[in-house]
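Reading through the structure tokens given below for one structure.
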Amino acid sequence: MSTPAFLLQQRFDASLYPASLIALDSAALALLRLASGKRLAIAAPAGQAILDSFEGQPEPLTDGLLVKLCPLSPANAAALRRALPHLQPALLGLRTSAGAGDRLGLATPGHVRAFHAVNAPPPLPIFAQQSMRETARTGRTPQIVLDDATWGAFQGGWRGPLGADADHLKTPEDIHLCAQAGYSFFTIDPGAYVDSAADQDSVAELQRKLASLPWETLESDPRSLLELYQGRAIELEDARLAIGEEAALRAAVKYGAAIAHVRRMYQALRAEGLPFELEVSVDETETPTTHAEHAFIALELKRLGVRWVSLAPRYVGRFEKGVEYLSPAGMMGDLDAIATDLEVHAAIARALGPYKLSLHSGSDKFSLYTLFMVATRGLAHLKTAGTSYLEALRVAARVEPGFFRQVYRLALQRYPEDRRTYHVSAALESLPQVDSLPDERLPELLEHFHARQALHVTFGSALAAHGQQLKALLQQHEELYAQVLERHFIRHLRPFSRPA
Ligand SMILES: [Zn+2]
Numbered sequence: 001m002s003t004p005a006f007l008l009q010q011r012f013d014a015s016l017y018p019a020s021l022i023a024l025d026s027a028a029l030a031l032l033r034l035a036s037g038k039r040l041a042i043a044a045p046a047g048q049a050i051l052d053s054f055e056g057q058p059e060p061l062t063d064g065l066l067v068k069l070c071p072l073s074p075a076n077a078a079a080l081r082r083a084l085p086h087l088q089p090a091l092l093g094l095r096t097s098a099g100a101g102d103r104l105g106l107a108t109p110g111h112v113r114a115f116h117a118v119n120a121p122p123p124l125p126i127f128a129q130q131s132m133r134e135t136a137r138t139g140r141t142p143q144i145v146l147d148d149a150t151w152g153a154f155q156g157g158w159r160g161p162l163g164a165d166a167d168h169l170k171t172p173e174d175i176h177l178c179a180q181a182g183y184s185f186f187t188i189d190p191g192a193y194v195d196s197a198a199d200q201d202s203v204a205e206l207q208r209k210l211a212s213l214p215w216e217t218l219e220s221d222p223r224s225l226l227e228l229y230q231g232r233a234i235e236l237e238d239a240r241l242a243i244g245e246e247a248a249l250r251a252a253v254k255y256g257a258a259i260a261h262v263r264r265m266y267q268a269l270r271a272e273g274l275p276f277e278l279e280v281s282v283d284e285t286e287t288p289t290t291h292a293e294h295a296f297i298a299l300e301l302k303r304l305g306v307r308w309v310s311l312a313p314r315y316v317g318r319f320e321k322g323v324e325y326l327s328p329a330g331m332m333g334d335l336d337a338i339a340t341d342l343e344v345h346a347a348i349a350r351a352l353g354p355y356k357l358s359l360h361s362g363s364d365k366f367s368l369y370t371l372f373m374v375a376t377r378g379l380a381h382l383k384t385a386g387t388s389y390l391e392a393l394r395v396a397a398r399v400e401p402g403f404f405r406q407v408y409r410l411a412l413q414r415y416p417e418d419r420r421t422y423h424v425s426a427a428l429e430s431l432p433q434v435d436s437l438p439d440e441r442l443p444e445l446l447e448h449f450h451a452r453q454a455l456h457v458t459f460g461s462a463l464a465a466h467g468q469q470l471k472a473l474l475q476q477h478e479e480l481y482a483q484v485l486e487r488h489f490i491r492h493l494r495p496f497s498r499p500a
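Residue numbers (the working numbering): 1 to 500.
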């Protein structure tokens, strides 16, 4: 007798995504690409409960089987995660992991291919990952982001565990929204509470500021806190990291309110009563996180009972959007300072955790990946976001040069304004003009430092003006987009494959 999976395949043939086809007890599920749009198809014997748990149109298949064609609705996404629990965002713990943000909601099938293509065990994936800022800019909601990733992971045939990152959350309301949507990994960004002026303040000024920290939330007082760190050092494997009173004073002023905010956010998360894991990120501050500051933050969070799986300090050098790592002196390929910096941060994370170190703005930092894995011994999380959008533009440059020229011209026009909210060094005068560039050379702009960065940071303007057209183009050239992403992400993921 033919199985439901076989019959589904036979019935829908070329419109069925082969990787999505999965047998489940006496039923089979698959994703279809029909002229009317994508549908989830479920084949099962009439009367099976699984047919009732999805909304859609049943019709006879054969041999007493029904097939139900289901729209990709939020209710069906939730039902799919219940039916296939590996699609339900899970806790990834301390295992090496990598997040792939997707601003358009169309990249996950390509991401899945890249994770599949890494031969050694790949890092564990986080497909749904978006900050509230990006969610607002792209007109999506946390639920839409998660559902798009669910459908994409299903289409690509992902069968392992996955996480979902509610990225750079700043308020308890954000937490509630994302917890209810089903996220598992919460990145708390207390950046707004970091007082970077503390780096330069006089001791008298620091003392004055210290008095006004939120001591109730910090469950301490200025004197007790400084006493706690007087002459304090932590033992790393082959070094001793002294914190000292003045460094503690400076760190307390710089990060005290931020630590209090993380604690409030952590309590808000716990109050949701759902399983979760936490990342603490201070990567978007004006100055690098010193080793003493890192240790101080970790010791204070521990003292306050906060538990986290990863932490993102701001490392030395420049982590600019969509381009290679630049050293503190602005040099590409100069890795001496960051190598030492990472070694010590990683040693602190082992001594005070262990927890993972997180690499934010991590896309396209190819020179760093091996270094990062070696320093952290695999206690590592990689975060990439906008690079999948750039790969979408690569597809546009290849298949619709005229459209790509429009997007590029808009980037030239918008760059001076849109760059304001980012740390970027692309220079307007270094941006190539496209008028004299033949169509076949347009994809080269995605390799050009200045052009790539300008295209990256103007994504909000580009999506506002051309988002619908870009999405339609990617849907039409879905296979090419997946191929391009696979090639691009293998380079990100291979160095992060997990030690056996
Ligand atoms: Zn970040």
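Every residue gets a Cβ at the ideal spot worked out from N, C-alpha and C, and that includes glycine.
- The beta carbons of PHE372 and PHE276 sit no closer together than 8 Å.
- For THR138, there is no enclosing beta strand (DSSP E), as DSSP marks it with neither H nor E.
- A straight-line Cα-Cα distance of about 7 Å links VAL323 and LYS365.
- In the three-state scheme derived from DSSP, where H, G and I count as helix and E and B as strand, MET331 is classed as coil.
- TYR17 and LEU106 have their C-alpha atoms spaced approximately 15 Å apart.
- Apart from the 5 residues on each side of it in sequence, GLU391 sits with its Cβ closer than 6 Å to the Cβ of VAL484, LEU485, HIS488 in its chain, given in chain order.
- Beta-carbon to beta-carbon, THR340 and ARG314 are separated by about 15 Å, too far to satisfy the 8 Å threshold.
- When secondary structure is reduced to three states using DSSP, PRO74 falls in the helix class.
- Between ligand 1 and SER363, a heavy atom-to-CB distance of less than 7 Å is absent.
- For THR421, there is no enclosing beta strand (DSSP E), as DSSP marks it with neither H nor E.
- Contact between LEU379 and ALA349 is confirmed by a C-beta separation of about 6 Å, below the 8 Å threshold.
- For HIS381, the shortest C-beta to heavy atom distance toward ligand 1 is 7 Å or greater.
- Of ILE338, ARG318, GLU235, SER131, the smallest CA-CA separation from ALA295 is found for GLU235.
- DSSP places ILE42 inside the beta strand (DSSP E), whose first and last residues are 37-45.
- Restricted to the stretch 324-409, the beta strand (DSSP E) segments that are unbroken, complete and at least 3 residues in length are 356-359, 380-384, listed in chain order.
- Taken in chain order, the complete beta strand (DSSP E) segments of 3 residues or longer contained in the stretch 102-147 are 124-131.
- DSSP places ARG81 in the helix class (H, G or I) of the three-state scheme.
- Under DSSP, VAL280 shares a beta bridge with ILE188, LEU311.
- With respect to the C-alpha of ILE126, the residue from LYS209, GLY139, HIS261, ALA153 having the closest C-alpha is ALA153.
- Placement of the Cβ of HIS456 at a distance of 7 Å or more from every heavy atom of ligand 1 is found.
- For HIS492, the enclosing alpha helix (DSSP H) begins and ends at 478-493.
- Under the three-state reduction of DSSP, GLU173 is assigned to helix.
- The beta carbons of LEU65 and PHE54 sit about 15 Å from each other, so the pair does not count as a contact at 8 Å.
- Scanning the stretch 227-280 from its first residue to its last, the whole beta strand (DSSP E) runs of 3-plus residues come out as 233-235, 240-242.
- The DSSP-derived three-state label of PRO89 is coil.
- Listed in chain order, the non-local C-beta contacts of ILE490 below 7 Å within the same chain comprise ALA114, ALA117, VAL118, local neighbours out to five positions each way being set aside.
- ILE22 is bridged by DSSP to LEU29.
- The Cβ neighbour count for LYS302, taken over all protein chains shown within 10 Å, is under 16; the residue is labelled exposed.
- For ALA44, the shortest C-beta to heavy atom distance toward ligand 1 is 7 Å or greater.
- For SER97, the beta-bridge partners assigned by DSSP are LEU124, HIS381.
- Cβ neighbours of HIS168 within its own chain (closer than 6 Å, five residues either side excluded): SER131, THR187, ASP189.
- Scanning LEU368, SER310, LYS38 for the CA closest to the CA of TYR355 turns up SER310.
- Taking 8 Å as the cut-off, the beta carbon of ALA465 is found no closer than this to the beta carbon of ALA411.
- Taking 7 Å as the cut-off, one finds at least one heavy atom of ligand 1 near enough to the beta carbon of SER281.
- Inclusion of GLU245 and TYR255 in the CB contact set at 8 Å is not warranted, their separation being larger than that value.
- Where GLN57 is concerned, the enclosing beta strand (DSSP E) starts and stops at 57-60.
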